[in-house]
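The working numbering puts the first residue of the sequence shown at 26, with every later residue one more than the last. Glycine included, every Cβ here is placed at the ideal spot set by N, Cα and C. Taking it in order: structure first as structure tokens, then the write-up.
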Amino acid sequence: MRSWLLILLLTLLLAGCAGNSRIDNLAAEYYNLGNSYFNQEKYSQAVASYEKALKIDAELLKARFNLSLALIRLNRAAEAEILLQELLAEDPVNLSILEILAYNYHIQGKTEEAIELLEDV
26 MRSWLLILLL TLLLAGCAGN SRIDNLAAEY YNLGNSYFNQ EKYSQAVASY EKALKIDAEL
86 LKARFNLSLA LIRLNRAAEA EILLQELLAE DPVNLSILEI LAYNYHIQGK TEEAIELLED
146 V
């Protein structure tokens, strides 16, 4: 009886791990789809795909970064700024984030903020 229970528990554990793998793969697929749309300059579709990826895996940092780029292309710089500031808080020495945030400040007319940000680099 004990061995049967152990087998059942191991089976459930393995099934749970396989489920996480499928979820990770689905998030990656939406991320890749977003990249494809972005490269085709279909920024609205890219945003939708990145957002779907993030609903599945909120920790997919590259999807958050690319979402901010797509938002900038759609003239939604204020939304992109929020994402970029969150990313910078998590990774304060990431040059890509710093550069895009500075650019985002610049296109919003926040030149002083852009300069201050880049002076710290």
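Look up residue i in the DSSP assignment and say whether it is helix, strand or coil.
i, result
"Val72", "helix"
"Asn100", "coil"
"Gln110", "helix"
"Glu66", "coil"
"Asp49", "helix"
Please classify residue i as buried or exposed, where buried requires at least 16 other C-beta atoms within 10 Å of its C-beta.
i, result
"Asn129", "buried"
"Ser93", "buried"
"Cys42", "With a pLDDT of only 49 at Cys42, under the threshold of 50, the placement of this residue in the model should not be trusted; the figure read from the coordinates follows. So Cys42 counts as exposed."
"Ser74", "buried"
"Asn100", "exposed"
Cutting at 6 Å between CB atoms, please list the residues of its own chain near residue i, excluding the five before and the five after it.
i, result
"Ala105", "Ser93, Leu96, Ile97 and Asn129"
"Ile132", "Ala102"
"Ala71", "Gly59, Tyr62, Phe63 and Ala95"
Got a sec, what are the start and stop residues for the alpha helix (DSSP H) residue i sits in?
i, result
"Glu84", "Careful: Glu84 lies outside any alpha helix (DSSP H) and carries neither H nor E."
"Glu144", "Thr136 to Glu144"
"Asn17", "This structure leaves residue 17 out entirely; the chain is present only between 26 and 146."
My guess is that residue i and residue j are in contact by the Cβ rule of under 8 Å, so how many angstroms apart are they, rounded?
i, j, result
"Leu113", "Leu86", "Incorrect: roughly 11 Å between the Cβ atoms, too far for contact."
Using a Cβ-Cβ cutoff of less than 8 Å, which residues in the same chain neighbour residue i once the five nearest sequence positions on both sides are dropped?
i, result
"Asp82", "Ile48, Asp49, Ala52 and Ala88"
"Asp116", "Leu86 and Ile122"
Whose C-beta lies closer than 7 Å to the C-beta of residue i among residues of the same chain, with five residues either side of it excluded?
i, result
"Ala139", "Ala127, Tyr130 and His131"
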